[in-house]
Structure formats: C-alpha cells, structure tokens
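Each residue of the sequence shown is one higher than the last, beginning at 1 in the UniProt record's numbering.
No residue lacks a Cβ here, since even glycine has one placed at the ideal position from N, Cα and C.
A quick write-up on the structure given underneath.
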Amino acid sequence: MKILVLNCGSSSIKYKLFDMTSGAVMAQGGIEKIGLPGAFLKLTDKDGQKKILEKEIPGHQEGIQFILSVLTDATYGCIKDYKEIDAVGHRVVHGGEKFASSVLIDKDVINKVIECSDLAPLHNPANLKGIDAMEALIPGIPQVAVFDTAFHQTMPDYAYMYGLPYEMYTKYGVRRYGFHGTSHRYVSRRACEILGVPYEEQRIITAHVGNGGSIAAIDHGKCVDTSMGLTPVEGLLMGTRCGDVDAGALAFIMEKENMDGYGMSDMINKKSGVAGLSGISSDMREIDAAVAAGNPRAIMTLNVYNYRIKKYIGAYAAAMGGCDILVWTGGVGENQWQTRRAVCENMEYMGMKIDVEKNEGMRGEEMVISAPDSKVTIMVVPTDEEYMIASDTLHILQGNQ
C-alpha cells in the first residue's frame, strides 16, 4: 500500500510517499512560499540529491497538484499514475478535546476540525486546505487526520487545567493541550522496541527539543503531562517562543509599550526565545559558536535553555514517582550533544548518569547514551512523525476493511 503524508502550513506543504509494504520512503520534499513570488518545490531525487523546481503556486490545490505531477514525472517520479496512491495521511495540529486518536476523515470530522480552528488559527485552516485539495484532485481517496494534540488527551484534569476562572474553560476551551504528540508517541514506543521492554510498564520522559520544543511524561503507556499548553508558546525556551513567563509580566509590557493582543502574540511567538534573549539567532549552532567566542549573552541564553529542560525533566520524574527511560529527539535533542550533557549533569541523585564518551559527538542515530551503572536509560531516538502518520493511516484503513 502506498500512502502519501501531507503537512500543510499556511504557505508551505511538506510531503513523503511511503511504500507501507516495506516502510520505505519512495519520495519526499516540500513546497515553500505558496501564494508568494518565488515559490518552489524542493525534493530529494532517486540518487539522494536535492533539487529545486520553481513554479508559480497560487494556492494549496495547485501546490498539491504540482507534487502529484512530480511524483509521476519521468525524471523525478517514482509512480506512473497518482492513482497508485492508496490513501493520504494529514498532520492536523489541533483536535481540542474532540479527538483522542487518529481518524478517517469524513464531513463530521472536517466540521469538528473547523470548530477547533479558534485554538490554532494559523494551522488548522491550512491543514483543511490540504484535505480539500486532495478530495478535489483524487475524489474519494481515503484520508486520515493525525492530530498533534491527540496523544496528550490522556492527561488528568489536574495536569491540564489552568488556575483561571472556570468559565474560561467551559466557554473557550482554555486548558493545556500540548503539541508534538505524534513525535512523543513515536519515540517513546520506538525506545521500548529498541530496549525490548514493555511500553505499558515504563515511566518515560521524552524531550522533543529543537526550534520548537516540548517535554512529555508518559506513565505506563499514557501521557500524563506535557510542557506546551493551550498554544505552543508555553514551556521550554524555544527558537523564537518565550516559553514559561509570568502572565503579569505580559500585562505589564502591554501597558508600558501600548501593545495590543496581536502585538503581544507576535512578540512571544516570533521575537522572543533564544533569538530574543541572545540578540544573535534562533539557531542553536550559531549560539554555540557565540558561546565558544565568549559572548556573555549567548552563554546566559544557553544556560537558560538547558536549565528549563533540566527543570521539566526533574518535575516529570517527581510527577511519575521516578523515571525509567529518558528519550532525546528533535533537531537539538538528536544532534546537540552539549545540551544533552549539560542537562544530564548532576542528575545522579535520581539515577540518571550519562556516558560522556558515547554522548560526545553522537548525532542523529538511535543509541543508548547512559552509563552502564545508570538506573535510568538515556537514549537518542530520531523522530519520524511522517512514518507515524503513515502507520496510523494504514491501521485505520485495515480496520475499516
């Protein structure tokens, strides 16, 4: 079975085509700058080389049509006819309290995703455009929605409720939802597969750390807490997002700067975090270079970044009564060995001891990096959200046959 996975943003579309008989990736790439001058599709060809194809792409339907034409192209393609695609799996950012698992898309599902759009106004409408485009281009093709928030729907109310007037929850759904759920689910399960231990018997902390970042606590197979909240702003210090901050400080800034809600949203989402604190960049590689050069703000920013991660790991170990497995993933988690070392230093009191030699220089591989005498298994597991989406799509279709 061939399954196309789509991740549609407001001006972008990422795609992967899987042959689920073997799990192999047949094709992958992405479109940028939809509706803007200079739109292009970047793909990886059969020889592993990156290619850029420029084309005017006014909307998502034209973008997906371009992707289908490339998939069937004599030079770059891997299928003869796009009707060889058996199903499409879509990343959908916000399912609110309406979806606790992936679902086959029908009119009722679409209406519920629309109802959740207030909670993700930049993402859900774009996700829906991808669904509509596929139905228009290949009418009747089975489509599955896989939600970023679904995995976290097992959190108890004491973990997801805010200390706000209760009617803010009943009227507007204001609570912690969490994101990166597909990644947290994949790497936690994959870690247990690698170790050969039962998933439902472990206390796992997953650290998805990159330009966006979140930590999740998974207790005996269920997510019981996560660091992102109503929006992806809460929690860790991120590339341009501020993470945890006193809400009173935001009200103070709004008054002093004569700032409205849109201005504040722009500041905490796009002008804060690593970039805002350091004044250098949102890219941790540039921060590392500045630290090596002795830049004091870069040093301070990196310390804040690492400290936030350490604090959440400690909190979630306390929430679960311990930790059996710590999993690192995401762009930083998989590649920045310095952050892994800094966070795991002085954690021996809770049974966490990193193997310094194994950790150093290790990038993007599945590996156990804890010391032999560590009570907590520390691992790196590269995430594969697209494969998880394809896998969910396959299982749902098989269940409906």
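- Under DSSP, no beta-bridge partner is assigned to LEU236.
- The DSSP-derived three-state label of ASP266 is helix.
- For the pair GLY181 and ALA150, the CB atoms are nearer than the 8 Å cut-off.
- Looking at the backbone, the Cα of ARG308 and that of ILE138 are separated by about 46 Å.
- By the neighbour-count criterion, in which a residue is buried when 16 or more other Cβ atoms sit within 10 angstroms of its Cβ, GLY333 is buried.
- Counting only runs that start and end inside the stretch 298–373, the alpha helix (DSSP H) elements of at least 4 residues fall at 330–335, 337–344, 356–359.
- Residue range 222–226 is occupied by the beta strand (DSSP E) that includes THR226, with no alpha helix (DSSP H) assigned at that position.
- Remark: C-beta atoms of GLN202 and ASP324 approach each other more closely than 8 Å.
- Between LYS2 and ILE85, the beta carbon gap of about 5 Å places them in contact (Cβ cut-off 8 Å).
- Cβ-Cβ separation between ILE105 and GLN143: approximately 4 Å, consistent with a contact (criterion under 8 Å).
- Within the DSSP secondary-structure output, LEU6 pairs in a beta bridge with TYR15, HIS90.
- Between TYR186 and GLU385, the C-beta gap is smaller than 8 Å, which places the two residues in contact.
- If only complete runs of 4 or more residues are kept, the stretch 39–108 shows the alpha helix (DSSP H) at 60–71, in order along the chain.
- With respect to GLY321, TRP337 sits apart: the two C-beta atoms are not nearer than 8 Å.
- Around GLY279, the same chain offers ARG297 as residues with beta carbons nearer than 8 Å, after the five sequence neighbours per side are excluded.
- For THR44, the closest C-alpha among the options CYS78, GLU62, SER11 is that of CYS78.
- GLN153 counts as buried, since at least 16 other C-beta atoms from the protein chains shown sit within 10 angstroms of its C-beta.
- HIS90 and ALA120 do not touch by the CB rule: their CB atoms are close to 14 Å apart, not below 8 Å.
- Below 8 Å, enough C-beta pairs join the stretch 205–219 and the stretch 229–243 to call them touching: three or more.
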